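Step one of this worksheet: look at the structure below.
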Amino acid sequence: MTREILVNAQLATLDGPGYGLVEAGAVAIEGGRIAWTGAEATLPERFSGWPRTDLGARLVTPAFIDCHTHAVFAGDRAREFELRLQGASYEEIARAGGGILSTVTATREASEDALVEAALPRIDALIAEGATTIEVKSGYALDREGELKMLRAARRIADERPVRIRTTYLGAHAVPPEYSGRADDYLTETCIPALRAADAEGLVDAVDGFCEGIAFSPEQIARVFDAARELGLPVKLHAEQLSHQGGTALAARYDALSADHVEYATAGDAALMAASGTVAVLLPGAFYTLHETQMPPVEAFREAGVAMALATDCNPGTSPMTSLLLTMNMGCTLFRLTPEEALRGVTVNAARALGLDDCGRIAPGLRADLAVWDVASPAELSWRIGFNPLHRRIFGGSE
Ligand code: DI6
Ligand code: FE
């Protein structure tokens, strides 16, 4: 079994309140797991013969977790970017058949191999900044075979790269053109049967939807969530991104892992989320790209005790972003998170948003998924813009 002890490190364990800082810390790794962590001076005798790596006082954090991406898709949306800069709104473009539906056309045409190939550079960019766990959603095919193809492509990323992939079924992302004006028929005939087929193939870790005026109503999302519940799958929801529809309250009612975007959520929604343990996943890349001005109710989340995560929302339309470091900076500058909240958002709270309890902190028994940074303090990770200080990434105890 591979053994290694990291010594002379500044640890931000994120285990407990605050950063969980340990100066002159050590982490013992055995068989891909953290065997021990604490101040180097208190390292137990039994580790004395183990190989040591001196980290030169560098910062060690849990490896990053991107808990909300649409990293599998074909084509690009640069033309739509131009149109928006000429004055068209995201909703106008969507209603005119562009937006998500233009990516649907490209993704339906792409092979599974082509989807994997297109996703890898996005995944590589996230890995290069210390990510070891990445969630990937379907939702750009919106037909049975295409949704399965997307999920298979997402799973295959983990064969191609040293990374853990969590897949989320997002069949209720948009109403496809062949069902235009017949959203409920789409759910009955395609979306829900495709979910069952994907689950039967073991392709689904969680179920998501887009609850919005341009997508599905809370009543329609509830039908998808009922199907998820029957299959024993956890749910999450794109809620209150562009308007207040009641998606957050619905998500809380189904004990959702997370409600994502949530710019238009209220203090009442925050209380419901706190009661159900639903994480608020904030996506500043989409807020930035769409020139949004409605801020998520961060203060209400703090007061209610709602855990906040941060994610890239990597997608071709509203957040063509593949940097969690930039996401942290945006979380602080645009949403006024503290650097500590930003770091919690891409580690411990991101793990919660995925229903994972074996990563996101530095603690004995957890996976040895770690990031070593050339920085003097954890706040530096959020402070800089467009700079990557990653020194080393450790995935399950290996490089
Ligand atoms: N909200 C988002 O930010 C992405 N999906 C969603 O429901 C955007 C997807 C796209 O525009 O392609
Ligand atoms: Fe999204």
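Letter 214 of the sequence shown, counting from 1, is numbered 1340 in this note's numbering, and no numbers are missing. Even for Gly, the Cβ is constructed at its ideal location relative to N, Cα and C. Note that this is a predicted model, so its numbers are computed, not measured.
Using a threshold of 8 Å, state whether the C-beta atoms of Pro1446 and Thr1229 are closer than that.
no
Leaving aside the five residues before and after Pro1360 along the sequence, list all residues of the same chain whose C-beta is less than 6 Å from its C-beta, in chain order.
Ala1332, Leu1383, Gly1481
Where does Pro1177 land, buried or exposed, given buried means 16+ other C-beta within 10 angstroms?
exposed
Would you call Ala1375 buried or exposed, if buried means 16 or more other Cβ atoms sit within 10 Å of its Cβ?
buried
May I ask you to check if the CB of Asp1331 is nearer than 7 Å to at least one heavy atom of the ligand FE?
no
Which of the three DSSP states is assigned to Met1374 in this structure?
Reading off the sequence, residue 1374 comes out as Thr, not Met. Three-state DSSP puts Thr1374 in a helix.
Is it right to say Gln1212 is buried, meaning 16 or more other beta carbons lie within 10 angstroms of its own, or is it exposed?
exposed
Please report the distance separating the alpha-carbon of Phe1351 from that of Ala1298.
10 Å
Could you tell me whether the region 1158–1169 touches the region 1192–1203, where touching means 3 or more Cβ pairs closer than 8 Å?
no
Roughly how many angstroms lie between the CA atoms of Cys1485 and Arg1462, to the nearest whole one?
26 Å
Can you check DSSP and say which residues form a bridge with Trp1499?
Leu1185, Leu1516
Residues sharing a beta bridge with Ile1131, DSSP
Ala1154, Arg1178
Return the Cβ separation of Pro1288 and Phe1521 in integer angstroms, given the expectation that the two are a contact with Cβ distance under 8 Å.
5 Å
Alpha carbon to alpha carbon, how far is Val1432 from Gly1175?
44 Å
For the ligand ZN, list every residue whose C-beta falls under 6 Å from any of its heavy atoms, going in chain order.
Among the ligands modelled here, namely the ligand DI6 and the ligand FE, the ligand ZN does not occur.
Run the CB neighbour count on Arg1478, radius 10 Å, all protein chains shown included, and call it buried at 16 or more, exposed below.
buried
Between Gln1136 and the ligand DI6, is there a pair consisting of the residue's CB and a ligand heavy atom that are separated by less than 7 Å?
no
Got a sec: does the ligand DI6 put a non-hydrogen atom nearer than 7 Å to the Cβ of Thr1229?
yes
For Tyr1414, name the three-state secondary structure that DSSP assigns.
helix
Any beta strand (DSSP E) of 3 or more consecutive residues that is wholly inside the region 1226–1292
1257–1263
Would you kindly check if the distance between the Cβ of Val1388 and the Cβ of Pro1422 is under 8 Å?
yes
Determine the extent of the beta strand (DSSP E) in which Ala1192 is found, giving its start and end residues.
Just to set this straight, residue 1192 is Asp in the shown sequence, not Ala. Counting along the chain, the beta strand (DSSP E) containing Asp1192 begins and ends at 1190–1192.
Under 7 Å from any heavy atom of the ligand DI6, does the C-beta of Ser1445 make it?
yes
Best match in Ala1161, Ile1131, Asn1455, Thr1258 for proximity to Val1497 [C-alpha to C-alpha]
Reading off the sequence, residue 1497 comes out as Ala, not Val. For the residues Ala1161, Ile1131, Asn1455, Thr1258, the minimum Cα distance to Ala1497 belongs to Thr1258.
Within its chain, find whatever has a CB closer than 8 Å to the CB of Ile1131; leave out the 5 residues flanking it on each side and keep chain order.
Ala1152, Val1153, Ala1154, Ile1155, Leu1169, Phe1173, Trp1176, Pro1177, Arg1178, Thr1179
If we call anything under 8 Å between Cβ atoms a contact, is Leu1516 one with Gly1256?
yes
Could you check what DSSP says for Ile1347 in three-state terms: helix, strand or coil?
helix
Is the CB-CB distance between Val1407 and Ala1435 below 8 Å?
yes
For Tyr1342, is the beta carbon positioned less than 7 Å from some heavy atom of the ligand DI6?
Before going further, note that residue 1342 is Phe rather than Tyr in the sequence given. Because no heavy atom of the ligand DI6 lies under 7 Å away, the Cβ of Phe1342 does not count as near it: no.
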